[in-house]
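Novice: Residue numbers (my numbering): 2 to 257.
Beta carbons: idealized from backbone N, C-alpha and C, even for Gly.
Owing to the predicted nature of the structure, the values given are computational and were not obtained by experimental measurement.
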Amino acid sequence: MNRLGTVLATLALALAGLASTPAASPSYAGGVASARPDRPAVLGVRTLGRSVQGRKLVAWHLGQPGKPKVVLIATMHGNERAPRQILESLRDRRPIRGVDLWVVPTYNPDGAAHGTRKNAHGVDLNRNYPYGWRDLDGNYESGPRAGSEPETRAMMRFLGDVRPKWVLSFHQPLVGVDLDTKRPAFAHRVARHLDLPAKRFTCGGACHGTMTMWFNHRFTGTALTVEYGDRPSRRLMRERAPRQVLSIWGAHRVTG
Ligand SMILES: [Zn+2]
2 MNRLGTVLAT LALALAGLAS TPAASPSYAG GVASARPDRP AVLGVRTLGR
52 SVQGRKLVAW HLGQPGKPKV VLIATMHGNE RAPRQILESL RDRRPIRGVD
102 LWVVPTYNPD GAAHGTRKNA HGVDLNRNYP YGWRDLDGNY ESGPRAGSEP
152 ETRAMMRFLG DVRPKWVLSF HQPLVGVDLD TKRPAFAHRV ARHLDLPAKR
202 FTCGGACHGT MTMWFNHRFT GTALTVEYGD RPSRRLMRER APRQVLSIWG
252 AHRVTG
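1. Measuring CA to CA, which of 194, 133 and 177 is closest to residue 216?
2. Output needed for residue 76: all residues of its chain with C-beta closer than 7 Å, excluding positions within five of it in sequence on either side, in chain order.
3. Drop a sphere of 10 angstroms on the beta-carbon of residue 173, count the other beta-carbons inside from all chains shown, and report buried for 16 or more, exposed for fewer.
4. Thinking just about the alpha-carbon of each residue, which of 53, 123 and 67 is nearest to the one in residue 139?
5. Assuming residue 189 is part of the alpha helix (DSSP H), what are its boundary residues?
6. If you drop the 5 nearest sequence neighbours on each side, which residues of the same chain put their C-beta closer than 8 Å to that of residue 150?
7. What's the gap between the Cα of residue 39 and the Cα of residue 100?
8. Taking the alpha carbon of residue 78 as the point to measure from, which residue in 227, 250, 103 and 62 has its own alpha carbon closest?
9. Quick check on the DSSP output: the beta strand (DSSP E) that includes residue 111 runs from which residue to which?
10. Taking the beta strand (DSSP E) that residue 211 belongs to, which residues open and close that run?
11. Just to confirm my understanding: we take residue 92, look at its own chain, exclude 5 residues before and 5 after, and list those with CB closer than 8 Å. What are they?
12. When DSSP labels each residue in this structure, what does residue 263 get in the three-state scheme?
13. Residue 224 and residue 168 - do their beta-carbons sit closer together than 7 Å?
14. Please name the residue, chosen from 96, 95, 158 and 147, that lies closest to residue 51 on a Cα-to-Cα basis.
15. Check for me: the alpha helix (DSSP H) holding residue 53 runs from which residue to which?
16. Rounded to the nearest angstrom, what separates residue 240 and residue 90 at their Cα positions?
17. As a quick exercise: from 253, 197, 182 and 161, pick the residue whose alpha carbon is nearest that of residue 230.
18. Do you know how far the Cα of residue 176 is from the Cα of residue 46?
19. Helix, strand or coil, according to DSSP, for residue 169 in the structure here?
20. Between residue 142 and ligand 1, is the CB less than 6 Å from at least one heavy atom?
21. Leaving out the 5 sequence neighbours to the left and right, which residues in its chain are closer than 7 Å to residue 155 when beta-carbon positions are compared?
22. Just checking residue 81 against ligand 1 - is the residue's beta carbon closer than 6 Å to any of the ligand's heavy atoms?
23. Under a three-way DSSP split, which group does residue 76 fall into?
24. Can you have a look at residue 135 and say buried or exposed, based on whether 16 or more other CB atoms are within 10 angstroms of its CB?
25. Do you know how far the Cα of residue 236 is from the Cα of residue 164?
Below you can see the structure in the form of structure tokens.
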């Protein structure tokens, strides 16, 4: 790209950051200039859709296009809010190299606003996906049908568009990395880097319609669940875990 092209691309990025139109595609072409002077790690922002109560679902694009594509998702259950600090720390600090990274810190914004596991329809988003879906009630209320919830459909569109090689879905409070996935060797690698035990969670005995199952079935990439404890320290969430997450792919923040 020549100098004028670079200037125009930078302008387009700045405008994209101001406009924040719903469901807009990122209006940049793989450049690594930041869209946000206040957030130098951010390459772009995408609104994936809206929650039941109209809150935006937002994905932040970080890292280095051309490197392995990774999506990190937190707060799928609105009462499991600690791990989103990991994603916010990655978003808010220095630029990241070595991975093409998207973070969705607050996947269930209505649940987060109300401190509830489920969305505003009372549905467990992690039982609403159209793979192995079953009509479940109680803690795992799966909704009236597969993909009934706007949050589910927004994430399906996003993952289908980005097609990440790796997806980590952060939860609490079971402490561990789920071995029940397509590539157990990867689960062991994640567990080692995050200093968590590798375990089989078996979806609390209700492996129906989960996001990771759907993704693993539908795409060539691998999705797995990471569970922190009930009250992980702020220091772990904001300082250590972000570095550990990047180290899984040999990625790092720019220094200096
Ligand atoms: Zn959870």
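Specialist: The relevant details are as follows:
1. Comparing Cα positions, the closest option is 133.
2. Here residue 76 has 82, 85, 106, 107, 108, 109 and 113 as same chain residues with Cβ atoms under 7 Å from its own Cβ, once five neighbours each way along the sequence are excluded.
3. By the 16-neighbour rule on beta-carbons within 10 angstroms, residue 173 is buried.
4. It is 123 whose Cα lies nearest to the Cα of residue 139.
5. Per DSSP, the unbroken alpha helix (DSSP H) holding residue 189 starts and ends at 185-195.
6. The answer, listed in chain order, is 53, 120, 122, 124, 126, 129 and 144.
7. Residue 100 has its alpha-carbon roughly 21 Å from the corresponding atom of residue 39.
8. If we check each option's Cα against that of residue 78, 227 comes out closest.
9. No beta strand (DSSP E) holds residue 111; the alpha helix (DSSP H) holding it covers 110-115.
10. Premise fails: residue 211 is in no beta strand (DSSP E) and is neither H nor E.
11. So the qualifying residues of the chain are 40, 42, 43, 61, 63, 104 and 106.
12. Because the chain here runs from 2 to 257, residue 263 falls outside it and cannot be looked at.
13. Between residue 168 and residue 224, the CB-CB gap stays under 7 Å.
14. Here the closest residue by C-alpha is 158.
15. Segment: none, residue 53 is in no alpha helix (DSSP H) and carries neither H nor E.
16. So the two alpha carbons sit approximately 8 Å from each other.
17. The option with the nearest alpha carbon to residue 230 is 197.
18. Cα atoms of residue 46 and residue 176: separation of roughly 30 Å, rounded to the nearest angstrom.
19. Note: residue 169 maps to strand in three-state DSSP.
20. Residue 142 Cβ: outside cutoff for every heavy atom of ligand 1.
21. Correct list, in chain order: 49, 50 and 58.
22. Ligand 1 has a heavy atom closer than 6 Å to the beta-carbon of residue 81.
23. In this structure, residue 76 counts as coil in the three-state DSSP scheme.
24. Per the 10 Å Cβ criterion, exposed.
25. Cα to Cα, the separation comes out at about 32 Å.
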